[in-house]
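Start counting the sequence shown at 2; every next residue gets the next number (the numbering used here).
For every residue, glycine included, the Cβ atom is placed at its ideal position computed from N, Cα and C.
Have a look at the structure below before the remarks.
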Amino acid sequence: MQGVDLTDEGVTMGAEKPRLTRRTVLRGSALTLAVFASPTGIGDAIAVDVDGPGFLTDAELATLRALVDRIVPGAPEDPDPGAVDARCAEAIDALLAAFDVDPPRIYAGAPFSDRGGHPVNHFEDFLPLDVYEATAWRLRIEGSRGRPELEFNGPVTGFQQTYRDGLAVLDAAAGPAGFAALPGPARDVVLETSDDPAVRVLMDVAVPHTMEFLYGAPEYGGNAGLVGWRFTHFDGDVQPRGYTDEQVENRDESRPPGSNLPDSVDRAQVDALLPLASPEVLLGLRERTGGTLSGMRDEVAAILQGVRHAG
2 MQGVDLTDEG VTMGAEKPRL TRRTVLRGSA LTLAVFASPT GIGDAIAVDV DGPGFLTDAE
62 LATLRALVDR IVPGAPEDPD PGAVDARCAE AIDALLAAFD VDPPRIYAGA PFSDRGGHPV
122 NHFEDFLPLD VYEATAWRLR IEGSRGRPEL EFNGPVTGFQ QTYRDGLAVL DAAAGPAGFA
182 ALPGPARDVV LETSDDPAVR VLMDVAVPHT MEFLYGAPEY GGNAGLVGWR FTHFDGDVQP
242 RGYTDEQVEN RDESRPPGSN LPDSVDRAQV DALLPLASPE VLLGLRERTG GTLSGMRDEV
302 AAILQGVRHA G
């Protein structure tokens, strides 16, 4: 991180042509896969009470908020709410402390919430875990921590240590004030220029966790105020009420990927990036660049530069 100017003045924001912002990418379903799909296949939207026990310190939680804000920004960079508004950081923190409550809040109940006309929200009644499930989830969240009975396949680093180590590296790279004190563009610089393995591992879990908590059911800790569903115009869980015959028969016409993007976005740039909307292509991109954010950004920039020259 030596030689990087992290002040507002030291970050060049390019002002020639409207850029594809994170929020714009989220509006395009295909581009969402291209940027945020993770080959790790993590599916960890855990049902939690974000006002309950947490794992991170107050300082670490502030750093995590600053991180998820760069994954899905909100105001003032975007008029729509972002990951901070959805309380994704608090939901992740509660996930890390899932076994500090009894029963562990891993699996929400069923079959209905109260959003689709049912009088009782079953999602709020969390299910007890059997011995196998409890062991598997402890291993994923807490890691093996030197316990022989959990290291039959070797040592495992859990989410707790992954977040703690990665957040510490971000704070150290940001200087004395810490990562959370930096303006948004400066935080981008820290993330894009870091080659520290702890940051790479952190992003591999923080990005999918942020997306899951932003767009998952609110009982899972994020999506506060249903901001993730409102932004995407998703109805959420509608059972047992369901849809009317008219809604089913006159469903929205299918449209090509990216057709709902604002007019300010260069359509040629969108079309150029659509081939990246494949897990296989994205995995190849990660391998060619060593998985670094700066390397992947350079590859995408090269694609867009070719579009500009062709135009």
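Between which residues of its own chain and residue i is the CB-CB distance below 8 Å, once the five residues before and five after are set aside?
i, result
"Glu300", "Leu286, Arg289 and Thr290"
"Glu152", "Ser145"
"Val239", "Arg116 and Gly117"
"Leu168", "Leu57, Glu61, Thr64, Leu65, Leu68, Phe180 and Leu203"
Would you grab the beta carbon distance between residue i and residue j for me? Rounded to a whole angstrom, and I think it's under 8 Å.
i, j, result
"Ala87", "Gly237", "Contact doesn't hold; Cβ gap of about 14 Å is too wide."
"Thr211", "Ala109", "In fact, because the Cβ distance is near 19 Å, the residues do not count as touching under 8 Å."
"Arg66", "Ala90", "4 Å"
"Gly117", "Ile142", "Actually they do not touch by this definition, with Cβ atoms about 31 Å apart."
"Phe113", "Pro276", "With a Cβ gap of about 40 Å, Phe113 and Pro276 do not count as contacting."
"Glu193", "Arg298", "6 Å"
Among residues of its own chain, excluding the 5 on either side of residue i, which ones have a beta-carbon nearer than 7 Å to its beta-carbon?
i, result
"Asp196", "Thr293"
"Thr163", "Val202, Leu203 and Val206"
Quick check: the Cα distance between residue i and residue j, rounded to an integer number of angstroms?
i, j, result
"Glu213", "Pro74", "15 Å"
"Pro186", "Gln161", "27 Å"
"Ala60", "Ile72", "19 Å"
"Thr245", "Ala181", "47 Å"
"Pro120", "Arg231", "23 Å"
"Pro156", "Ala137", "14 Å"
"Leu183", "Asp79", "18 Å"
"Thr58", "Leu68", "15 Å"
"Thr233", "Asp81", "10 Å"
"Phe235", "Asp70", "22 Å"
"Glu134", "Ala311", "54 Å"
"Leu140", "Pro198", "21 Å"
"Glu281", "Glu125", "37 Å"
"Asn251", "Leu227", "25 Å"
"Glu247", "Leu215", "30 Å"
"Glu150", "Leu274", "46 Å"
"Asn154", "Gly147", "12 Å"
Can you name, in chain order, every residue of its own chain whose Cβ lies under 6 Å from the Cβ of residue i, other than the five neighbours on each side?
i, result
"Arg111", "What sits at residue 111 in the sequence shown is Ala, not Arg. Excluding positions up to five away in sequence, the list reads His123."
"Pro77", "none"
"Gly296", "Thr290"
"Gly243", "none"
Taking the CB atoms as reference points, tell me whether residue i and residue j lie closer together than 8 Å.
i, j, result
"Asp166", "Thr64", "no"
"Val191", "Ala178", "no"
"Val249", "Val200", "no"
For residue i, would you say it is in contact with chain C, using Cβ-to-Cβ distances shorter than 8 Å as the test?
i, result
"Val239", "Considering every chain present, this structure includes no chain C. It has just one protein chain."
Three or more C-beta pairs below 8 Å linking the stretch 303-312 and the stretch 266-273: yes
Report yes or no: do the stretch 81-96 and the stretch 218-233 share at least 3 C-beta pairs separated by less than 8 Å? yes
Within the chosen definition, does the stretch 97-112 reach the stretch 124-131 through at least 3 CB pairs nearer than 8 Å? yes
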